[in-house]
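What follows is a short report on a single structure.
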Amino acid sequence: MIRVFSILSILLVLGLAVYFSGLFEPDPDAIYQRASHAFRNQNDQEAKRQVERLLEFPSHQVSAAMLGAEIALKSGDFKEVIRYYDYVPDDASRESLKARRRSGDLYLFELKQLSPAENEFQRAIKSFPDDLKVLQRLSFIYGLTSRGWQAVPFRLKLLQQEKIDAILVYLLAMGDRSLENPQLLIEYGQKNPEDLLVQLGKARLEWDQQKYSEAKTRLQKLLSTQPDLSQARALLGKILLNQGDSGEFVSWQQSLTDQDRLLPEIWGIEGQWYQKQGDRQSALRCYGEAIRQDATNSTACYQLGQLLLQEGKKEAAERLLDYSKKLQAYEGMVKVAYGDKDLKATQEVVSLAQELGLVWEAYGWSRAVLLLDPQLDWAQKVQQELEPQLAELKLTRVVDEKNPVRGLNLPGSQSMSEQPEVSVASSKGNAQTSSNISFEDVTAHAGISFQYFNGQPWPENNHKMYEFTGGGVGVVDFNSDGWPDLYLTQGTNWPVNELQSRYRDRLFLNVGDGTFQDVTEMAGLNENRFSQGVSIGDVNNDGFADIYVGNIGLNRLYLNNGDGTYSESDQASGTADQWTTSCLIADLNADSAPEIYAVNYLTGADVFDRVCKNADGSARSCMPLNFPGAQDQLFSNSKNGQFQNVTATSGIQVPDGRGLGIIAADLHGTGYPDLFVANDAVANFYFVNQGSEKLRFTEQALLSGLALNGEGRTEACMGIAAGDADADGLLDLYVTNYYRETNTLYHQVGPDSFVDKTQASQMSDPTIYKLGFGTQFLDVDLDGLLDLLIVNGHVEDLTAQDVPYQMQPQFMKNQGQGKFQELKSTELGTFFQTPRLGRGMARLDWNRDGLEEAAISSLDQPFVLLENSTQNHGHRLVVHLTGTKSSRDAIGTTVRVKTNGQTLVRQLTAGDGYFASNQRILVFGLGDAEQIESLEVTWPSGLQQQFGGGDVDQEVHLIEGQPQQFRIQSLN
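In our numbering, the protein residues as written are 122 to 1093.
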């Protein structure tokens, strides 16, 4: 009985337990109420305890998480906030969007963690593809980490939502041209250095800073843990392309995935690789695919155009090249429109955008400019025209019908990693070699004292455009005694007072004993305008060198009287409102009478007065694109002392030139010099001489490969050197450019055909952080290879931004096979160790020892005359030329010297680059050759003359039609 009772008691207890447990089971609604009540009463600890209980109920996890996040946010525990939000699933709920956005913002702005922040916003965008804040955040993160291409659809969606501001459209236009906010990226790196996106950004910074080895190591490590980061793979490909290692590049290529190939940059990198290997078909295929995905890939557009030219497909080539040129014009004007809030420039931007098929951007710019001026009729019309189209547009920058490869029959776009491996030798740079090359600054000993004055005493801030250009250097044997004299141009106060006599150009006579004398007054020269460049030539073929000075305002021609004095001529003076920079004297139509060409820079009512402003209101120099380009002028020599302005009929009247440097040279062997003009921030000009007595030129820079650099980009081109850089018998052109733009070596591969060989010549890295002006080819050690001398200096003091203002000159030693190496300044002499604002530079042999030297002007320091003090140099031959049927100056004459089984080719050119006029001699470095085997001359008239062998180390004079050479002196 007791036993039965016990069993019943146990069952009763168990039943009651079950009953009461059901009766008192926690009610999640009640828990939520208690948590909310505690939170409202600021009892955060109790509120959090209740939230943690509530998280155990799946039905209430979202509400618990949202409340828990608020509690944690109140205490500033951001990691705890994110932990709560992680309970909220990814769905279309309002809570999901709030959780993802808040977590993303906490990672981004509080914890400084880019990768998890991006992950949060990527989760949100799947359910909320049009959310404004998510689009803005992803656009920001992609831009910060140099993934502008991936940012495009997000930025276009922002435009679609009429979230218009100028910076958004600017970032769309500029893409990955530069890091959007490197300082902010550095701050993220300081907080979370191992963040994968920080690592990507650091690699990009290292790329920009030319730390290729560090960037390569960082990227390889990054890809080992994050193999799907396509932008990292693309950047690694650029580094391997730059290094030229065949094995490593092919391995990189084979690692590419289908996801990687959605990045147009990958195809462009492969295109450049195959082009370097001579695999034209594969390069065509890659460039075509890059443009199909992204028509704004300027490198692919330009290089595909060049390849199509080689294929004989001129019409298709012109389409690609014209498109690439317009892309550069668009980007240039975007900088002006955005940087200066220039409404006129914005109208041009919109027009170009429409031509290029950048419909989204045309709409964006028109809307952005209406924020500045709501009454602009043209902007209103563009907005009304384009707005109805937006709903149907794809989220791509260029509409399909404007893509320049549309309809072209190009090779198929199968994966390039499936192509057979191309075996080539590595093109890694040579190790630095020792050199005995040196120069000595002998200016003081030579008795020359001259300082260019630009209207502002150094070191006053120079913000007006005319204040940065500097002065010219002309080499002139004005008394025909065989010793090269110097003509130095001078500026003055602004505005110009033509009665002033303090600032005047100067003429220095070479006495022949190592010294010079100022003979300006004695020679009757009174050039007191604001002078720029200078050219020397015998315009009337009387045997005496005349002087043409390019000024701001009227130019001046000084005719040599033959008695040590000059008379001013009123010919070829141009107009009072012009700004001539460089100029030249050369016979361009083979009638023996030299023409005058004046390169003009900028124009506009306020071009000499305007100062632009930074965003903070501080003054800065304007950009060249802030002003209209000025038209160059060509003056034909009528042989009676008169010059006729033939600009309008000669074919040089081409819009939008902003010329700074010029070269005249016979680049295709017709006897008629062609003209290359280096333009600032717009495409260069290449005027091909049509070979008629009535002057006719056609502008063919795009088709010849001289308009843009190899990446299809315009550059701020200034100085030009002309010479046979790789000893293949063809004249090459070297052009100096702006800071963060490499100087460019245009290698001639045939008549009117040039290829950018800057990278292959190993001159990209040494010049990217320089701003170059004057440059000349000269064979300093007489080994038969032309070296390069460059003077540098910025146009504005940006030292507060860690940008150098004064810069050291550079000497590039020719190593053979078209490769150059910068020599250490400590080896070269004190001139190369002194930072300066270098400007004009002319080549000469002022002491007539057969060693080439240079004369250099600067803005901040006195003029410098260098003496070539190189020891253990080779033998040489110095050649003077005088035309008879050709013009007396014999510009365009080509001389070939054969010795030791090789042939050296030199041509007498004019213009001579930036503000300069070289000595009219040809110097041949003969190395260790003991005898000259033969000498051949091709005169502009077409006459070819052969001369027999002779001794080395001679200075000789060749006269057109005379059967023998005249020895002037021995150079031993």
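Even glycine gets a Cβ: it sits at the ideal position worked out from N, Cα and C.
Straight through space, the alpha carbons of Asp698 and Lys934 are spaced by roughly 42 angstroms. With a threshold of 16 other beta carbon atoms within 10 Å, Ala975 meets it and is buried. Note that the C-beta distance between Phe875 and Leu827 is below 7 angstroms. Beta-carbon to beta-carbon, Ile773 and Phe808 are separated by about 6 angstroms, close enough to satisfy the 8 angstroms threshold. Comparing alpha carbon positions, the residue from Phe178, Pro715, Leu235, Ala848 closest to Lys1006 is Pro715. Taking every protein chain shown into account, the CB of Glu241 has 16 or more other CB atoms within 10 angstroms, so this residue is buried. In this structure, Thr1003 and Glu1081 form a Cβ contact; the two beta carbons are roughly 7 angstroms apart against a cut-off of 8 angstroms.
Exclusion of the five residues before and after Tyr228 leaves Gln234, Pro237, Ala238 as the residues of its chain whose Cβ lies within less than 6 angstroms of its Cβ. By the Cβ-count criterion, Ser688 is exposed, with fewer than 16 other Cβ atoms from all chains shown falling within 10 Å of its own Cβ. Per DSSP, the continuous alpha helix (DSSP H) segment holding His566 begins and ends at 564-567.
The beta carbon of Leu425 lies closer than 6 angstroms to those of Tyr408, Leu441 in the same chain, with the five residues before and after it left out. Relative to the Cα of Tyr679, the nearest Cα in the group Ile673, Gly671, Asn672, Asp667 belongs to Asp667. The three-state reading of DSSP puts Ser367 in helix, counting H, G and I together. Between the alpha carbons of Lys195 and Ser217 lies a distance of about 20 angstroms. With fewer than 16 other Cβ atoms inside 10 Å of its own Cβ, Val732 counts as exposed. Residue nearest to Gln1075 within the set Glu1054, Arg1027, Ala1037, Arg997 is Arg997 (criterion: CA-CA distance). Taking C-alpha positions only, Val273 is separated from Val183 by approximately 34 angstroms. Here the stretch 920-930 lies against the stretch 954-962, with 3 or more beta-carbon pairs under 8 angstroms apart. Non-local C-beta neighbours of Val912 in its own chain, meaning closer than 6 angstroms and more than five positions away in sequence, comprise Phe894, Gly895, Pro930, Gly959, Met962, Ile977, ordered along the chain.
In the structure shown, Val470 falls within a helical segment according to DSSP collapsed to helix, strand and coil. When the alpha-carbon of Ser622 is set against those of Thr641, Gly633, Asn363, the nearest one is in Thr641. Per DSSP, the beta-bridge partners of Thr1024 are Lys1019.
By alpha-carbon distance to Ala802, the top candidate from Ala353, Gln811, Phe748 is Phe748. Of the candidates Tyr867, Gln505, Pro872, Ser224, Tyr867 places its Cα closest to the Cα of Ile841. Boundaries for Phe249: no alpha helix (DSSP H) harbours it, and the DSSP string shows neither H nor E there.
Partner residues in the beta bridge of Glu820, as assigned by DSSP, are Phe808.
Listed in chain order, the beta strand (DSSP E) runs fully inside the stretch 247-306 amount to none, counting runs of at least 3 residues. Contact annotation: Cys422 and Tyr444 have beta-carbon atoms nearer than 7 angstroms.
Burial state of Glu482 is buried, judged by a 10 Å Cβ sphere holding 16 or more other Cβ atoms. For Ser157, the enclosing alpha helix (DSSP H) covers residues 149-161. Short of 8 angstroms from the beta carbon of Trp373, and not among the five residues preceding or following it, lie these beta carbons of its own chain, in chain order: Arg354, Leu357, Gly358, Leu361.
DSSP places Arg1009 in no beta strand (DSSP E); its state is neither H nor E. Among the bridge pairs identified by DSSP, Glu1057 is matched with Arg1017, Gln1067. Just so you know, the alpha carbons of Trp270 and Leu384 end up roughly 8 angstroms apart. In the three-state reduction of the DSSP assignment, Asp853 falls in the strand class. Ranked by how close their Cα comes to the Cα of Arg1017, the residues Arg1088, Val901, Gly1070 have Gly1070 in first place.
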